Structure formats: structure tokens, C-alpha cells
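A.B. asks:
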Amino acid sequence: MPRPFSRLMRRAARALPALLCAVSVAGHREGLASDCPGYRVAHFADTPHGFSAALTLAGPPCNVFGTDIGDLLLHATYETSGRLHVHIEDAARAQYQIPDAVLPLDRRCGVEGGSSSGGLRVKLVHSEESGVGFQVLRGSEAIFDTAGWPLVFEDQYIEVTSRLPTDANIYGLGETPDWFRRDPRNTTRTLWNRDAPDPFRENVYGSHAVYMELRGGQFHGAYLHNSHGMDVVLTDGAIQYRVLGGTADFYFFAGPTALDVADQYTALVGRPSQIPYWALGLHNCRWGYRSVGEVDQVIANYSQARIPLEAAWTDIDYMDARRDFTFDSSAFPLAGMQRQLAELHARGQKMILIVDPAIQANGSYAPYARGREMDVFVRRSDGSEYIGQVWPGYTAFPDWFAPNASRWWAGELGRFLDELPVDGLWIDMNEASSFCTGSCGSGRPAGEVPELPWLTDRPHRPVNRSNPLLAPPYAIHNPEAELSDKTIETTALHANGVAEYHVHNLYGLMESRVTRDALVARQPAARPFVLSRSTFAGSGAVASHWTGDNSATWLDLHVSIATVLDFGVFGIPMVGADICGFAGNTTAELCARWIELGAFYPFARVHNNMDAVPQELYRWPTVAEAARRALAVRYALLPYIYTAYQDAVERGWPVARPLVFEFPAVPAVADNDRQLLLGDAILVSPVLAEGARTVAVFFPRGRWYDWYDHSALAGADAAVTLDAPLEHVNVHIRAGRIVPVQHPAMTTAESRCSDYELIVAVAEDNTAAGRLYLDDGATLASPHRWLGFAYRDRTLWIEQQSGSYTVPRPLAKLTLLGVLGVRAVAVNGTAQACTIETAGNSTMVSALHIDINAPARISLL
Ligand SMILES: *[C@@H]1O[C@H](CO)[C@@H](O)[C@H](O)[C@H]1NC(C)=O
Ligand SMILES: *[C@@H]1O[C@H](CO)[C@@H](O)[C@H](O)[C@H]1NC(C)=O
Ligand SMILES: *[C@@H]1O[C@H](CO)[C@@H](O)[C@H](O)[C@H]1NC(C)=O
Ligand SMILES: *[C@@H]1O[C@H](CO)[C@@H](O)[C@H](O)[C@H]1NC(C)=O
Ligand SMILES: *[C@@H]1O[C@H](CO)[C@@H](O)[C@H](O)[C@H]1NC(C)=O
Ligand SMILES: *[C@@H]1O[C@H](CO)[C@@H](O)[C@H](O)[C@H]1NC(C)=O
Ligand SMILES: *[C@@H]1O[C@H](CO)[C@@H](O)[C@H](O)[C@H]1NC(C)=O
Ligand SMILES: *[C@@H]1O[C@H](CO)[C@@H](O)[C@H](O)[C@H]1NC(C)=O
């Protein structure tokens, strides 16, 4: 008979001080759920797609962190062939649940006659000691198993515990900077969106209660659909959810591959949206540019250094008094910004500006006055306007639940974009961040400019422990004095009457959606680009993400790989970390190594804090050289990366992948976050240590071709030490793959105008395969073309898989890795004029002119 988790924890008290701390921080009541009665089944019924059960409390309420709810309903539904839904809700349906308008789930009534989802089955289990539980089974293996732990279902506390194998392989659960494989013995993952500078193992900007588990060579996944603050705790042998409200709304994904889980999860919460092709270019930003002229110099200096620059970003510096939708009339005058935008566009480059949600509470500031008129701001519990503090001083916060909010926001964005039609928007500070605790601007004299709280030594306000929204009985591990710190107070009210406590984690998702909708309404044909700091499940459908305020340290360089991989699990594949580090002074060596890695983030942006030394990539000769070399690889790979991104759009597959997703049977890669794969064919092995000029990295069994010299490395499921001079990043092509490339140039548009080349990296069996996705890269309804490539028997087949987009450029070159003895080339049996060269074990066929809008059979003679 398994022991209740909390007893297990009590016994483990000395071994696990950090976990126990959860209990002692909560303080008021000891012992989590051990004395709770659990539930028993009062009524059970089979349904067409699963079953349902009425549950009632099996004994006297324990009221451990709130008030036990007596009557529950459990619905188990085989929703699709890969997805099982187990929802335990209060029978009265009074607990807060995320509305579909906020996060439109793919609701399915179920698989007809279904008794399994991709091999997953669910059954109820009972025990005398702990009441009813459920098991999700794959064959005879329970992949989620609450048997033996009492379900705790209270108004402000839900506890669900499931057995895990010892030393489980768990990925996901965040947003928290940490190693990619979560420590299965000692992880407390807190989900409470917070503006914090990427502290290791603390909760930051987003909340994603989804994980993937690798067990016995197969993956499965689980997602808890709940917006409340929570801790998810991993101890050896169990995962425990401790949630501050809502319902126990679980979805399970059958896998069996990691890509299948990503597909099944994003089918539920929303597929990543298409991005404009240019978004894959290199972006540069810094906080602290002093004038539009300085940004002009930055743009010119990138060009002078022959480092590709796709988009010039400006942070809050451009604003008048740091207020949205304004321009600093001396340093960043509108006319100067318009001129800069026109010049960027003339060169095929882009401009992106920052916009924060907080609006200066100032009746003379028109966006605020209009917002008040339309009643769009968050209120205090007494009905008055909630006034926090952000960059412009005292601010109101848009209430995305207010009926007029999206219309008002679209109107403000529209006025701004009419003046300066920038190419994308960067929505920051949307946790939402506020510098003071509570409605600190209420009752202050008009015109007062508040001091920044961190520059004062005012003590923190006393925490009101008798208000259960401010100090819920169970205290999650949010590392602040209270939940309301750095954000909107949990007692604040939204237009639908719901307190911030319940919906805090949704703020960034909701802002992303109204922003995207506003951009699409303004230009219905164009793909918008929105970069959001705060995210939630489903954000991938409405925004891209960067990992926030990291630091220029070697640790953060390494951790960035893990966080980028996390967002692949979260269904937000367009993600990257600030290249060269945001906070603190970078060094030439760190910055060189960072661009060598960052050139392979799906979203590649250099960004820097105002008090740090400048770190544009041209600032040091070594960094400039490292950047030119690494970005030449990225820009060559753009057709391939764009194809990988389309796999995210269509199937949710991450663009940046850990080795374990592609090689799940190799135990040594389970915790590998030192390397990353782009798609399934390109392996990047960056240097992550100061002073290193070699790198010891893992190569799975099989042949791996060096990107630069085409030499073949025989992978043997073992580490290999590679040379890694300062300006060089190791990139390998996986044998058996065909990788489409173009000629790298200074902008993505220029690269896209070059002819295509296929790198055919043949495996030991002399075969290779690949794909290429093409469309106009700019509009939402573009025609497309999917091409397939297959190489065998010295013949390369170009297959037309779907679509009617006309590819303007021909295939001009074949690089055949591991192929020798080519004397002539024929297309459909007709000999072609071409140039054939060999080097080492590879053959290059150039000066071809093959139309890829038709199928073709290319024979190597
Ligand atoms: C558990 O993790 C916490 C937080 O990362 C750490 O402080 C603590 O030392 C760890 N405990 C053990 C036993 O490893
Ligand atoms: C750009 O380069 C010029 C010439 O080297 C230099 O004087 C200037 O300071 C640079 N400006 C910036 C913003 O990088
Ligand atoms: C919406 O805004 C209009 C003014 O444009 C205002 O009259 C109306 O009361 C607002 N509606 C709500 C529900 O706040
Ligand atoms: C309020 O807005 C007006 C108009 O933009 C501006 O002149 C004034 O300085 C603002 N007040 C504060 C406190 O920023
Ligand atoms: C604390 O919260 C309770 C419950 O909302 C309220 O009645 C009380 O006035 C608050 N105390 C203070 C000091 O604000
Ligand atoms: C960064 O460098 C600047 C200029 O050298 C220096 O003033 C500042 O103190 C440095 N910052 C840190 C955090 O070391
Ligand atoms: C060519 O391939 C052979 C056989 O795999 C290998 O022994 C040889 O080292 C390769 N040559 C080069 C230059 O890579
Ligand atoms: C090759 O042959 C196929 C099938 O007959 C035909 O559809 C295609 O147009 C030809 N391609 C070229 C490049 O000639």
C-alpha cells in the first residue's frame, strides 16, 4: 500500500529541506494532505467516449489549505486517438475555469466508441486509506497513477499526486531557468508569472503546466489546464501538483515519440502561428540607445562590418517619458523614426518597437483618457481604478476581460502604426509587471512622480494574512514577500468580476491575443510579428518569445539552451535568449561564443542592458568574425529552418530539439542540454566554457558530416572532442538527411533571391531524404509548396507533395556528401550542362538549372 505523499515528505524531511520549506513557508497549517479523507464514488456511468463519476468526500473535511468541496464530478474522455482528458471539477461549477475566449481549446466530445487514446486507457482505483484515484495506463504500465494519495479538492487548494519511476525523465514545467531534464528528486516548479531577471530555478515570466516524460524509450505527456498559481513538486517516485484553486483538469498525450507529444499538445492548446520569413533574420536591440542617430550608426556599423542585420529594435528609450504610443521629441522625434524606417525598408530591413501594457494614469495623456472613457482598466476590490507603478510612473493596467479593451487597444495601436508602421511589436512587462505592491498610486496628488521603489529603503508593507486572496493558506514558492509583489495585487478585479488571483497567469497570453488580433484586423493579409515576454499554454498561437532578462555569464549561456528547448515543449517554437547576455558586462570571448550558439536559436536577437558595455556584434574583431561565420551558416540554412518552422505550424514540432527527442533509446542523451538540433538534421555543438578551445560533445551512432569541410565523423554513442577555435562553432549534418540551403546574404530577402542547393548527406546505406516548405513568407493565405527529396541508387528524386506556390529560383547545386565517381548528371534522362568537382569523399555538382516546380529524377552517372 503506497503511502500518502505528504507522509513520505515528512519522513524525508531531513533529506529534502527545500521541499519541506513549502510546508513551513505556508506556515499556518502543517502537513499538506496526509489527514485528508479523499473521495469515494457516489455514482458511476459509462459514456459513449469514456465514463463519468460523481465523487463525494469520503470522511470529515480536512480543510487543510481552504475549504473541502464535498461533491465533485469526474469526466474521463478519450478525446482523440492521441489524447485523453480527465477532468475533476466541483459539482457546483463555482471554481474558476479558463474560458475558451482566453484559450480556445480544441474541444472534442470524444473518439466514437473509444476505449483508448493511442493506447492510453484510464481507470478508477480505490483504496480504503485514501479513497478514489485514477490510473492512466499504457498497456500494463501506469504512466499517471494517483492511487494511494488522497485527492484534496478545496476552494483554494487542490492536491493531486502521481507515482513516477525513480530517476524519472521529466521535461517541461516552467517558465523557470533550469537544466532541461528536471531533477526528478528535488524540483519545485512554481507557476506564477513574475518579472524577475532569470534567477536559476525560480519562476519567471510564463506558466506552462505541461511536461513530457521519457519512459522505456517512449514519450508521453501531461498538461494541467488551470490558470492558478501552483507548485509542481518532483521527489523521487512522485509528482505532486499543489494548486491555488480552479479544477483538476488534466490532459494526457499518448506519444509515443516526443514529436507526437508536441503534436498532440499543440493540437489541444493551439498550433504555433506562421511567422514572416524575415523574423528568422538577426535582430539587434539594446536598452539605452540615446537617439535615433545612434541607432542609425548601429545599423550602418553592422553593414560596414558585413554582419547581417535584419531588424533594428528600439526599447522604451524612444518614448516620451516612457509612455506608450509617444516619441521623445528631441532624441527620437517621429520624423526621424519615419526616416529611419523608410531607410530600413529601402534596404530590405525591418524595425520593431517595444510597447508595455501599463498606461500612465494621467488625464492629459490621451491613451489613458480614452481608456477611461471606454472603461478598460483593472479595478480595485472597492471598484476604484487600480493604480500601480511602471516606467512612466503611476499607471493603470488594461483589463483584457473588459468588453471594450480589445477595441481600445486596437485603436491605440492603430493611431501609433498610422504614424510609424513598424514591422512588429515587442510586448514586454506583461506579467503584468508593477514596481510597487498594491494600488500605490491611489489617492496620490495629480502629477506626482513616484520614486522607483528599489531606490528607496521603504519597508515592505505588512502582509494581510486574513485576506485569503492576498495570503492563500497554502503559500506557493513564489520568492517574494507576497504573491502581489511586482505585479497587480491579487485582490484587483476584472470586468467579469473575477479577482486577479485567479487569472494572473493569463495576462500576457491575453495581451498577445488582442495585439495579434489588432494587427491582423489592420492588415488582414499580413502575418504579424509579436514578441511577448509573458506566456501561458497556447501562447505559441499568438506570439513568439524571448527568455527575458538573462545575464552575460557562462552559466546563462549554457542555461539558454535548456530554456530554448523548454519552449519547444511548451508549443512556442520561435524562441531565443538575449545573445551576449542582457544584464552585466559581456566579454569579447563570451559574446563570440554566444553568437556562435545564438545564430542557431530559432529567434536570434542581440539585446543589452543600458548600464552594460555595448555588445553589438561589430564591437570586437573576434566577435564580428565569429558572427559572420555563424550567421553565414544560419542564413544558408534559412530554407531548412523555415521548413522546420512549418513543421511546428502544422504539427507543433519544436524547431530546436534536444538530442533525446531524436535518440530516445540512447540513455546518455537524456540530460543533454549542451547541444541542440535544428530540425532533425543539423547538430550544433557550441563551446560553453571560458578559455576552452576544444569541446567534448556527444555523437549518436551514425555518420555526422562537418558543415564546413564535409569530413565524416563516425558517431558511436559517445563523447568526441572537437577543435573549437574562438571564431568557430561546430555544426554537423546528420547522415541520411537532405538539407535545402541558399546563399547567405545580408538580409533574408536577399538570401531568398539566390538559387537553391541541396546538401545530400548519405548514410552508410547510401540513402538520404529531406523536405522543403515554401510559400511567400509574408501573407496569411499564401499558396505553398511542399517538396520531398529522396536519394537512393545514385538517383535523387524531387517529389511534389502538395501546393501550388511557384518557386522563383531553380536548384543550381548539389553537394553530395559521401558520394564519389560522378561523371555526368541527367534530369529525367536528359544530360545536363554542369560543373563537377570532388573534395575528399564528396562531390559538388554546380551550374545546374533545375526547375523545382515539377517532379524530377536526377541521375548521377
Ligand atoms: C534541492 O533544490 C534546492 C533548490 O534548488 C536546493 O537548494 C537544495 O540544496 C536541493 N536539495 C538537495 C537535497 O539536493
Ligand atoms: C559606429 O562606427 C563608427 C566608426 O567606427 C564609430 O565612430 C561609432 O562610434 C560607431 N557607433 C556605434 C553606435 O556603434
Ligand atoms: C465601452 O465604451 C463606450 C464608449 O466608447 C462606453 O460608452 C461604454 O460604457 C463602454 N462599455 C463598457 C461595458 O464599459
Ligand atoms: C501628463 O500628461 C501631460 C500631457 O502629455 C504631460 O505634460 C505631463 O507631464 C504628464 N504628467 C506626468 C506626471 O507625467
Ligand atoms: C485584511 O483583509 C481583511 C479581509 O479582506 C480585511 O477585512 C482587513 O481590513 C484587512 N486588513 C488590513 C490591515 O488591511
Ligand atoms: C561594466 O563596465 C562599465 C564600464 O567599464 C563599468 O562602469 C561597470 O561598472 C561595469 N558593470 C559591471 C556590472 O561590472
Ligand atoms: C573517405 O571515406 C573513407 C571510408 O569511409 C575514409 O576511410 C576516409 O578517411 C575518407 N576520406 C576523407 C578525406 O574524409
Ligand atoms: C520530369 O518528368 C516528370 C514526369 O514525367 C515531369 O512531370 C517533369 O516535368 C519533368 N521535370 C523536368 C524538370 O523536366
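The sequence shown begins at 604 in this note's numbering and counts up one residue at a time. Heads up, the beta-carbon is just placed ideally off N, CA and C, and yes, glycines get one too. All values derive from a computational prediction rather than experimental measurement.
Compute every distance between the C-beta of Asn-904 and the non-hydrogen atoms of ligand 2, then say whether any falls below 8 Å.
C.D. replies: yes
A.B. asks: What whole-angstrom Cβ distance do Asn-806 and Asn-1211 have, given they're in contact under 8 Å?
C.D. replies: That pair is no contact at about 24 Å.
A.B. asks: Would Asn-1108 and His-831 qualify as a contact pair, given that the criterion is a beta-carbon distance under 9 Å?
C.D. replies: Cβ atoms of Asn-1108 and His-831: closer than 9 Å.
A.B. asks: Could you tell me if the beta carbon of Asp-786 falls within a distance shorter than 8 Å of some heavy atom in ligand 1?
C.D. replies: yes
A.B. asks: Hey, out of Arg-975, Asp-1396, Trp-1012, Ala-1434, whose CA is closest to Leu-1423's CA?
C.D. replies: Asp-1396
A.B. asks: For His-1331 and Arg-1196, which I take to be in contact (beta-carbon distance under 8 Å), what is that distance rounded to the nearest angstrom?
C.D. replies: Between Arg-1196 and His-1331 the Cβ distance is about 10 Å, and since that is not below 8 Å, they are no contact.
A.B. asks: Within the same chain, show all residues whose beta-carbon is closer than 6 Å to that of Arg-1130, passing over the 5 residues directly before and after it, in chain order.
C.D. replies: Gln-877, Pro-879, Leu-1383
A.B. asks: Tyr-905 and Leu-956 - do their beta-carbons sit closer together than 9 Å?
C.D. replies: No, they are not a contact pair.
A.B. asks: Taking buried to mean at least 16 other C-beta atoms within 10 Å of its own C-beta, is Val-1052 buried or exposed?
C.D. replies: exposed
A.B. asks: Could you have a look at Gly-1017 and say whether DSSP puts it in helix, strand or coil?
C.D. replies: helix
A.B. asks: Consult DSSP for Ser-627 and reduce its assignment to one of helix, strand or coil.
C.D. replies: Since pLDDT at Ser-627 reaches only 29, below the 50 mark, its modelled position is unreliable, and the value read off the structure follows with that caveat. Of the three classes helix, strand and coil, the one that applies to Ser-627 here is helix, per DSSP.
A.B. asks: Only counting the same chain, and skipping five residues up and downstream in sequence, which positions put a Cβ closer than 7 Å to that of Leu-1377?
C.D. replies: His-1387, Arg-1388, Tyr-1408, Val-1410
A.B. asks: Could you tell me the distance, in whole angstroms, from the CA atom of Glu-1192 to the CA atom of Val-1290?
C.D. replies: 10 Å
A.B. asks: Under a Cβ-count criterion, where at least 16 other Cβ atoms within 10 Å of its own Cβ denotes burial, should Tyr-1311 be classed as buried or exposed?
C.D. replies: exposed
A.B. asks: Please report the residue range of the beta strand (DSSP E) in which Asp-1378 lies.
C.D. replies: 1371 to 1378
A.B. asks: Below 7 Å CB to CB, which residues in the same chain sit around Glu-1265 once its five sequence neighbours on both sides are set aside?
C.D. replies: Leu-1280, Asp-1283
A.B. asks: Run through the DSSP bridge pairs and tell me what Asp-1181 is partnered with.
C.D. replies: Arg-1208
A.B. asks: Use the C-beta contact count for Ala-1084: other C-beta atoms within 10 angstroms, 16 or more gives buried, fewer gives exposed.
C.D. replies: exposed
A.B. asks: The beta strand (DSSP E) that contains Thr-1090, what's its start and end?
C.D. replies: Premise fails: Thr-1090 is in no beta strand (DSSP E) and is neither H nor E.
A.B. asks: Return helix, strand or coil for Gly-775, following the three-state DSSP convention.
C.D. replies: Strand, per DSSP.
A.B. asks: State the CB to CB distance for the pair Ile-1244 and Thr-1118, rounded to an integer number of angstroms; the pair is presumed to be in contact (CB under 8 Å).
C.D. replies: Separation of the CB atoms of Ile-1244 and Thr-1118 is rounded to 25 Å, and the pair is thereby denied contact status at 8 Å.
A.B. asks: Determine the burial state of Cys-712: buried for a count of at least 16 other Cβ atoms within 10 Å of its Cβ, exposed for fewer.
C.D. replies: With a 10 Å radius around the Cβ and a threshold of 16 neighbouring Cβ atoms, Cys-712 comes out exposed.
A.B. asks: Quick check on the DSSP output: what are the complete alpha helix (DSSP H) runs of length 4 or more inside the segment 865 to 923, in order along the chain?
C.D. replies: 895 to 907
A.B. asks: Go to His-948, then tell me how far its alpha helix (DSSP H) extends in each direction, as first and last residue.
C.D. replies: Taken as a continuous stretch (DSSP letters only), the alpha helix (DSSP H) holding His-948 covers 937 to 949.
A.B. asks: At 4 residues or longer, what runs of the alpha helix (DSSP H) sit wholly inside the segment 1039 to 1125?
C.D. replies: 1103 to 1106, 1110 to 1125
A.B. asks: Please report the Cβ distance between Asp-1250 and Arg-1208, rounded to the nearest whole angstrom; I am assuming they are in contact, meaning their Cβ atoms lie under 8 Å.
C.D. replies: 22 Å between Cβ atoms; not a contact.
A.B. asks: Is there at least one non-hydrogen atom of ligand 1 closer than 8 Å to the beta-carbon of Arg-792?
C.D. replies: no
A.B. asks: Let's test the definition: count the other Cβ atoms within 10 Å of the Cβ of Ile-881 and tell me whether it reaches 16, buried, or not, exposed.
C.D. replies: Sequence inspection shows Trp at residue 881; the Ile mentioned does not correspond to that position. Flag for Trp-881 reads buried.
A.B. asks: Hey, Phe-1451 and Val-1425: beta-carbon distance below 9 Å or not?
C.D. replies: Note that residue 1451 is Leu in the sequence shown, not Phe. No, Cβ-Cβ distance for Leu-1451 and Val-1425 is not below 9 Å.
A.B. asks: If you drop the 5 nearest sequence neighbours on each side, which residues of the same chain put their C-beta closer than 8 Å to that of Arg-617?
C.D. replies: Reliability of the predicted coordinates at Arg-617 is poor, the pLDDT of 24 falling under 50, and the value obtained from them is presented with this limitation in mind. There are no such residues.
A.B. asks: Go to Val-763, then tell me how far its alpha helix (DSSP H) extends in each direction, as first and last residue.
C.D. replies: For Val-763, there is no enclosing alpha helix (DSSP H); the residue is found in the beta strand (DSSP E) stretching over 760 to 766.
A.B. asks: Nearer than 8 Å: is that true of the beta carbon of Glu-1015 relative to any heavy atom of ligand 3?
C.D. replies: no
A.B. asks: What does Met-1349 pair with, by DSSP beta-bridge criteria?
C.D. replies: Note: Met-1349 sits in no beta bridge, so no partner.
A.B. asks: If you count every other CB in all the chains shown that lies within 10 Å of the CB of Trp-890, and 16 or more means buried, which is it?
C.D. replies: buried
A.B. asks: Among Arg-1355, Gly-1046, Val-872, Pro-1267, which one has its Cα closest to the Cα of His-828?
C.D. replies: Val-872
A.B. asks: With a CB to CB cut of under 6 Å and the five nearest residues on each side skipped, what residues in its chain are close to Ser-894?
C.D. replies: Ala-934
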